[in-house]
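Asker: Those sequence lines, one after another, are chains A and B.
Quick note: the first sequence uses this note's numbering, first residue 1, plus one each step.
Quick note: the second sequence uses this note's numbering, first residue 452, plus one each step.
The beta carbon of each residue, even a glycine, is placed where N, CA and C say it ideally should be.
Questions regarding the structure given below will be posed in turn.
There are 2 protein chains.
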Amino acid sequence: MRLSRYFLPVLKETPAEAQIASHRLMLRAGMIKQATAGIYSWLPMGFKVLRKIENIVHEEQARAGHNPIQMPILQSADLWRESGRYDDYGAEMLRMQDRHGRDLLYTPTAEELVTDIFRSHVGSYRDLPLTLYQIQWKFRDEVRPRFGVMRGREFLMKDGYNFDLTKEDALHAYNRHLVSYLRTYERMGLQAIPMRADSGPIGGDDTHEFLVLADTGESEVFYDSAITDLKFGDREIDYDDHAQCRAVLEEFTSRYARTDETHDEALFNAVPEDRRRVARGIEVGQIFYFGTKYSEPMGATVQGPDGKPVPVHMGSHGIGVSRLVGAIIEASHDERGIIWPEGVTPFHAGIVNLKQGDAEADAACEAIYKSLQALGLEPLYDDRDERAGGKFATMDLIGLPWRITVGPRGLRNGVVELTSRRTGESEEMPPEDAVQRIADIYAGHVLRPCF
Amino acid sequence: MRLSRYFLPVLKETPAEAQIASHRLMLRAGMIKQATAGIYSWLPMGFKVLRKIENIVHEEQARAGHNPIQMPILQSADLWRESGRYDDYGAEMLRMQDRHGRDLLYTPTAEELVTDIFRSHVGSYRDLPLTLYQIQWKFRDEVRPRFGVMRGREFLMKDGYNFDLTKEDALHAYNRHLVSYLRTYERMGLQAIPMRADSGPIGGDDTHEFLVLADTGESEVFYDSAITDLKFGDREIDYDDHAQCRAVLEEFTSRYARTDETHDEALFNAVPEDRRRVARGIEVGQIFYFGTKYSEPMGATVQGPDGKPVPVHMGSHGIGVSRLVGAIIEASHDERGIIWPEGVTPFHAGIVNLKQGDAEADAACEAIYKSLQALGLEPLYDDRDERAGGKFATMDLIGLPWRITVGPRGLRNGVVELTSRRTGESEEMPPEDAVQRIADIYAGHVLRPCF
């Protein structure tokens, strides 16, 4: 993308209404614009990061064998009356009537609707296991929306639902989701720690929240510091293998790690004192097992091996897709701006032309731009007629992890400059070496150009 | 994808409520399930086709230099009061109040919101031309929703908005959209004819609708049959070139082609009698130029070259993304099922194993499956333990354009069978030749695996 043709409305001033870094930086970097309280428009760079995150979620869901669907924004109230949650859900559910006076609602979560899809189409245990998921906009009418996309009212969420014949199979689905979420977050450059949590209005016995440590987190968390040494890494997982998935769950949940809702002082005190940590965390996901809570009242049964109807065991599993954009920035920024992890950066590298209009500098930038594109990478080329200082400030603000700086003086010596946004370190090298270095850096990443 | 792990709930019976072929076939092929009147869930295969269509739209918008954004589902009523449309819009707009009693609405179209983004961020003529677009769910509260996704209440739409300094530039944006839409529809295997139309509630002077000819279309259309000989094809277009875009517009709109709303009997009678056609069409897109209708009341001005503020000239441009799924099926099916055009098919080829469990047949199918995947193609492998007749019926119903049939008898002679869904013609050849033929067929297509 050439910056001269990209809609990237960066702000010079820090917006007064933004209280936390991610909100400030997303506004300043031209990623979002508030439409009304807690509801945002995503401008091109914000939308691109959102799509990168969506793609990682889809890829990891596919790897785990889950089926993507798309449920609607609006639902009829009828299904919620069937489950008994219509009245329970309270003021956070946005309700409305259509022109015929029928009650509709803006989906806050879709257990009822997906259970209805299941019971209409699946009749035999032979069709199990089955996990359906979607990435779709949700709405919760927060009393005081704030912190930008971290606590908005309309938000993009991945919500997935497993259907299994037995409790044991459903617990495997739970473990499989935990494994797949660990990999999902790590690909985004995040450490998200699974912590035993409270089930809230979804219901259920087993639940873990995934929390990213950050001073601006809404939850107080208590954990054994040994947990932050764990890495999921590149390990091969057979998602059908019960024992393998359970072993990962045990590895990642056997240390003490709880939110304030489930914190147990006595257990915490059993952790060696030098490893006890009290901090704050941002919730970026949650998994639940809730058994037959929905399948029984809604009649979601399958014929078991003995021919008798069995209500299916279910769970639901969520990832806060739009909230993750904020969480990633909270975890990765400095005073100059955002620092994108390579896995979610909107563009893989920035190209700064120090002297736009200089024939050699222009030609060198074009050549680098096209070489990177030919490798399947997405560069952002600052081809504007602006001063170097302004170009550097924009690149630092929008946080592309790598920058190639091209100017007439360097070119006379046959070199450009490659700079890491994270460390600030620069190195001079021939243009083709800089391109190759960028290619090497992204060699382990899925290159899926997105919009 | 292996069919044994795919949620593809095909129906044996034809659903009674479906009156037209696309609705019947989408239900029977397990693509959608109605959630409530005019509101659908998209099951995996339906969702996959939707994403393929979305990707083509995004790719062609990128080619035309347009910037993708994502505006919210809900808007505040305030902006609509500013433009004066809140009261005008009528009962098709779904309105609601949040917990604080503030008026919200489910976006039916976003001229106001995008104009607000523009006026907040763009101040100079030097930032023009600019076109912002999104693909997002919309809602129009139709009195009698019907025909499945063809006339639903909640639907997925691409809506784009251009901002230009002068009327001349805005008319170029109009022409550029027309060119880009012609290419977009052709890539989906559709002939969509631009017809002079009526502007309706968007307002404006210049507008064309794109119509796909089909007996089940909601509009009566009148046209010169010479128009159906026009092909956009593979031509190279410089989307910045005013003359080139205008020439395409003239080529595709100089023949008589109008909907009943703008039909002119006298002009139609000037068409040679043997070329006069009266038919029905499905509207799949519309482009508008409406000048300063929104920019003036909403104060969307830029500083012109002389330093004075100028209200920008705008237009808006829509593609009915979810409706296209129905329109493509209306235009391409037979009594056995759907026939997907190569550009939007959910899977590039089906693999039918005639004897699941036979070691040689299984191994041959696996090898074909993996070879196709290695080429970036997405095969659907029917690996279920079912009779050949049932497997063929499913493949015909879901309409993958190419099928490779693998059985022990053929394998003894070293061959498999490659069958075209469209012609029904089959040809025997070695497995590796079948793979190569599929690769050749898709050589001109963008292979962007999607979910």
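Please state the DSSP three-state secondary structure of B:Leu-583.
Answerer: Numbered from 1 along the second sequence, position 132 holds the residue referred to as residue 583 of chain B. Looking at B:Leu-583 - three-state DSSP - the assignment turns out to be strand.
Asker: When Cβ atoms are compared, which residues of the region 36-49 of chain A fall closer than 7 angstroms to chain B?
Answerer: Those would be Thr-36, Ile-39, Tyr-40, Ser-41, Trp-42, Leu-43, Pro-44 and Phe-47, in chain order.
Asker: Within the same chain, show all residues whose beta-carbon is closer than 6 angstroms to that of A:Phe-7, passing over the 5 residues directly before and after it, in chain order.
Answerer: Working through the first sequence from its first residue, we reach residue 7 of chain A at position 7. Taken in chain order, the residues that qualify are Pro-44.
Asker: Verify whether the separation of the beta carbon atoms of B:Asp-711 and B:Glu-671 is less than 8 angstroms.
Answerer: Within the second sequence, numbered from 1, the residue matching residue 711 of chain B stands at position 260. Within the second sequence, numbered from 1, the residue matching residue 671 of chain B stands at position 220. Their beta carbons are under 8 angstroms apart, which means B:Asp-711 touches B:Glu-671 by this criterion.
Asker: 8 angstroms is my cut-off, CB to CB: does A:Asp-117 come that close to chain B?
Answerer: The residue you call residue 117 of chain A lines up with position 117 of the first sequence. The displayed chain sequence assigns Ile, not Asp, to residue 117 of chain A. By this cut-off, A:Ile-117 is an interface position.
Asker: Strictly by DSSP, which residues pair up with A:Phe-288?
Answerer: Your numbering for residue 288 of chain A matches position 288 in the first sequence. Looking at the DSSP assignment, A:Phe-288 forms a beta bridge with A:Thr-207 and A:Ser-316.
Asker: Strictly under 8 angstroms for the Cβ-Cβ distance: is A:Gln-75 near chain B by that measure?
Answerer: Residue numbering aside, residue 75 of chain A sits at position 75 when the first sequence is read from its first letter. Yes, A:Gln-75 counts as interfacial toward chain B.
Asker: For the beta strand (DSSP E) holding B:Phe-606, just list the boundary residues, first then last.
Answerer: As a working mapping, residue 606 of chain B is identified with position 155 in the second sequence. Counting along the chain, the beta strand (DSSP E) containing B:Phe-606 begins and ends at 605-615.
Asker: Expressed to the nearest angstrom, what Euclidean distance is found between the alpha-carbon atoms of B:Asn-518 and B:Gly-611?
Answerer: Residue numbering aside, residue 518 of chain B sits at position 67 when the second sequence is read from its first letter. Residue numbering aside, residue 611 of chain B sits at position 160 when the second sequence is read from its first letter. The straight-line gap from Cα to Cα measures roughly 9 angstroms.
Asker: Contact criterion: CB-CB distance below 8 angstroms. Does B:Met-601 meet it with respect to chain A?
Answerer: Taking the second sequence and counting its residues from 1, one reaches residue 601 of chain B at position 150. So, not an interface residue.
Asker: For A:Tyr-89, which residues in chain B fall below 8 angstroms Cβ to Cβ?
Answerer: As a position in the first sequence, residue 89 of chain A is number 89, starting the count at 1. Correct list: empty, because the minimum Cβ distance to chain B is about 12 angstroms.
Asker: How far does the beta strand (DSSP E) with B:Val-857 in it extend, from its first residue to its last?
Answerer: Reading the second sequence from its first residue, position 406 is the one you call residue 857 of chain B. Unbroken beta strand (DSSP E) run through B:Val-857: 853-857.
Asker: Excluding the 5 residues preceding and the 5 following A:Glu-432 in the sequence, name in chain order all residues of the same chain whose CB lies nearer than 8 angstroms to its CB.
Answerer: Taking the first residue of the first sequence as position 1, residue 432 of chain A is located at position 432. So the qualifying residues of the chain are Ser-371.
Asker: From A:Asp-383 to A:Ile-135, what does the alpha carbon distance come to, in whole angstroms?
Answerer: Mapped onto the first sequence, residue 383 of chain A falls at position 383. Mapped onto the first sequence, residue 135 of chain A falls at position 135. Going by the C-alpha atoms only, they are around 35 angstroms apart.
Asker: Using a Cβ-Cβ cut-off of 8 angstroms (strictly less than) and excluding sequence neighbours within five positions of A:Val-278, which residues of its own chain qualify?
Answerer: Taking the first sequence and counting its residues from 1, one reaches residue 278 of chain A at position 278. For A:Val-278, where only same-chain residues beyond five positions count, the Cβ hits under 8 angstroms are Glu-220, Val-221 and Phe-222.
Asker: Return the residue from the list A:Val-212, A:Gly-46 and A:Glu-218 that minimises the CA-CA distance to A:Ile-227.
Answerer: Residue numbering aside, residue 227 of chain A sits at position 227 when the first sequence is read from its first letter. Here the closest residue by C-alpha is A:Val-212.
Asker: Against chain A, with Cβ distances strictly below 8 angstroms, would B:Ile-520 count as a contact?
Answerer: As a position in the second sequence, residue 520 of chain B is number 69, starting the count at 1. Yes, its Cβ sits closer than 8 angstroms to a Cβ of chain A.
Asker: Closest to A:His-333 by C-alpha separation, out of A:Ala-21, A:Arg-176 and A:Leu-11, would be which residue?
Answerer: Here residue 333 of chain A refers to the residue found at position 333 of the first sequence. Among A:Ala-21, A:Arg-176 and A:Leu-11, the Cα nearest to that of A:His-333 belongs to A:Ala-21.
Asker: Suppose the cutoff is 6 angstroms on Cβ atoms and the five residues either side in sequence are ignored; what does the same chain contact list for A:Gly-217 look like?
Answerer: Working through the first sequence from its first residue, we reach residue 217 of chain A at position 217. Within the same chain, A:Gly-217 has close Cβ partners Arg-280, Gly-281 and Ile-282.
Asker: For A:Pro-72 and chain B, any beta-carbon pair shorter than 8 angstroms?
Answerer: To locate residue 72 of chain A, count along the first sequence from 1; it is residue 72. Chain B contact via Cβ: present.
Asker: Ordered along the chain, which non-local residues of its own chain (more than five positions away) have a Cβ less than 6 angstroms from that of A:Asp-264?
Answerer: Start at 1 with the first residue of the first sequence, and residue 264 of chain A comes out as number 264. Cβ neighbours of A:Asp-264 beyond the five flanking positions: none.
Asker: Is there a Cβ from chain B that is less than 8 angstroms from the Cβ of A:Asp-382?
Answerer: For the purposes of this step, residue 382 of chain A is taken as residue 382 along the first sequence, with counting starting at 1. Not one chain B Cβ lies under 8 angstroms of A:Asp-382.
Asker: Our contact map puts B:Val-763 next to B:Phe-614 with C-beta atoms below 8 angstroms; I'd like the distance itself, whole angstroms only.
Answerer: Taking the first residue of the second sequence as position 1, residue 763 of chain B is located at position 312. Taking the first residue of the second sequence as position 1, residue 614 of chain B is located at position 163. At roughly 5 angstroms, the Cβ-Cβ gap stays under 8 angstroms, so B:Val-763 and B:Phe-614 are in contact.
Asker: Skipping 5 residues on each side, what residues in its chain have a beta carbon closer than 7 angstroms to that of B:Phe-719?
Answerer: In the second sequence, the residue the question calls residue 719 of chain B occupies position 268. Phe-673, Tyr-707 and Arg-727, listed in sequence order.
Asker: Within the same chain, show all residues whose beta-carbon is closer than 7 angstroms to that of B:Asp-666, passing over the 5 residues directly before and after it, in chain order.
Answerer: Here residue 666 of chain B corresponds to residue number 215 of the second sequence, with the count starting at 1. The residues are Arg-731.
Asker: Do B:Lys-801 and B:Arg-854 have their C-beta atoms within less than 8 angstroms of each other?
Answerer: Numbered from 1 along the second sequence, position 350 holds the residue referred to as residue 801 of chain B. Numbered from 1 along the second sequence, position 403 holds the residue referred to as residue 854 of chain B. Residue identity check: residue 801 of chain B is Gly in the sequence provided, not Lys. For B:Gly-801 and B:Arg-854, yes; Cβs fall inside 8 angstroms.
Asker: Which residue or residues does DSSP assign as beta-bridge partners of A:Phe-347?
Answerer: The count along the first sequence starts at 1 and reaches residue 347 of chain A at position 347. Answer by DSSP bridge pairing: none, since A:Phe-347 is not bridged.
Asker: Figure out for me which residue from A:Leu-156, A:Gly-233, A:Gly-304 and A:Val-446 has the closest Cα to the Cα of A:Leu-128.
Answerer: The residue labelled residue 128 of chain A in the question sits at position 128 within the first sequence. Measuring from the Cα of A:Leu-128, the nearest candidate turns out to be A:Gly-304.
Asker: Mind checking B:His-551: buried by the 16 CB within 10 Å criterion, or exposed?
Answerer: Locating residue 551 of chain B in the second sequence gives position 100, counting from the first residue. Exposed, by the Cβ-count rule.
Asker: Taking a Cβ distance cut-off of 7 angstroms, strictly less, list which residues of the region 882-898 of chain B are near chain A, in chain order.
Answerer: Within the region 882-898 of chain B, no residue qualifies.
Asker: I want to know whether the region 772-790 of chain B touches the region 814-828 of chain B - three or more CB-CB distances under 8 angstroms.
Answerer: Touching, no, given that fewer than three Cβ pairs across the two stretches are closer than 8 angstroms.
Asker: I need the straight-line Cα distance from A:Gln-97 to A:Arg-81, nearest angstrom please.
Answerer: What you label residue 97 of chain A is simply residue 97 of the first sequence in a count that begins at 1. What you label residue 81 of chain A is simply residue 81 of the first sequence in a count that begins at 1. Each residue's Cα considered, the two are about 15 angstroms apart.
Asker: Using the rule of at least 16 other Cβ atoms within 10 Å of the residue's Cβ for burial, across every protein chain shown, is A:Asn-413 buried or exposed?
Answerer: As a first step, residue 413 of chain A must be located in the first sequence, where it is residue number 413. Its Cβ having fewer than 16 others within 10 Å, A:Asn-413 is exposed.
Asker: Let me check one thing: in DSSP terms, what residues is B:Val-867 bridge-paired to?
Answerer: Here residue 867 of chain B refers to the residue found at position 416 when the second sequence is read from its first residue. B:Met-880.
Asker: What does B:Arg-591 reach in chain A if we use C-beta pairs closer than 8 angstroms?
Answerer: Numbered from its first residue, the second sequence carries residue 591 of chain B at position 140. Here the premise fails: no neighbours, minimum Cβ distance about 10 angstroms.
Asker: Give me the residue from A:Val-10, A:Glu-17, A:Pro-9 and A:Arg-24 with the minimum Cα distance to A:Glu-335.
Answerer: For the purposes of this step, residue 335 of chain A is taken as the residue at position 335 of the first sequence. For the residues A:Val-10, A:Glu-17, A:Pro-9 and A:Arg-24, the minimum Cα distance to A:Glu-335 belongs to A:Arg-24.
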